[in-house]
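Below you'll find the structure, written out as structure tokens, and then a few comments.
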Ligand code: PEP
């Protein structure tokens, strides 16, 4: 089994001005100086450039929270992959459930965004996950399969290992309810099987868990063999709690 480098990402959502983002990076760097993990910050668009500048020479990587699938055009308010690459951004979160539920993100758009990110040299962090009603109705695997098949439709098998997938059950995001390690591991193993079924190098693929990860539950989740990292919301807003989660990854 290949060694998969732990991947810990902080999704700041619509939080932090440029000044706050820079202060966070300055406070975080000494706390994670020894880490060998991939540590990724996902600031809002306005703070991307400043965070990129501040992290040069460190292990910290930077991801945007969304992008448009086209390179340019009449799409008011949107940002394209080449614009992110020009800023030296490394990755992009795609398909976060808040964008799917609140902002009309569709699987059709994601099917174009994921290959567009890869083609531009950005690492897609593709979020998938079921709602509470879907889990209660026993549809978790069907939902994950549907999202993965749709969103990865335009990605060739040799490129699949370049995608990071985040399993984020919607009922666990920002609610304080965490999936049990067993639930998370079961869903992640299923996701790996779906990618394997598409001919991808599934053993190399990093699959994260996201949903109310905190310093006090991170070690238990991240200690599971199938769980390769975490996408962290609330606890990623403070350098102390985020660095404790990085540490908990081993
Ligand atoms: C998220 O925003 O992706 C997330 C998992 O948030 P939280 O950790 O706050 O549940």
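Numbering (this note's numbering), first residue to last: 4 to 253.
Note that CB positions come from ideal geometry on N, CA and C, so glycine has one too.
Owing to the predicted nature of the structure, the values given are computational and were not obtained by experimental measurement.
Look at the region 212 to 249 and you find these whole runs of beta strand (DSSP E), each 3 residues long or longer: 232 to 235. Taking a C-beta distance under 8 Å as the contact criterion, residue 91 and residue 54 do not qualify as a contact pair. With three or more CB-CB distances shorter than 8 Å, the region 39 to 54 counts as touching the region 11 to 30. Contact between residue 87 and residue 95 is confirmed by a C-beta separation of about 6 Å, below the 8 Å threshold.
With three or more CB-CB distances shorter than 8 Å, the region 123 to 142 counts as touching the region 155 to 174.
Not one heavy atom of the ligand PEP is found less than 7 Å from the C-beta of residue 98. DSSP links residue 95 through a beta bridge to 67 and 127.
Residue 113 has its Cβ no nearer than 7 Å to any heavy atom of the ligand PEP. Shown here, residue 160 sits in a helix according to DSSP, grouped into three states. At least one heavy atom of the ligand PEP sits closer than 7 Å to the Cβ of residue 234. DSSP places residue 121 in the helix class (H, G or I) of the three-state scheme.
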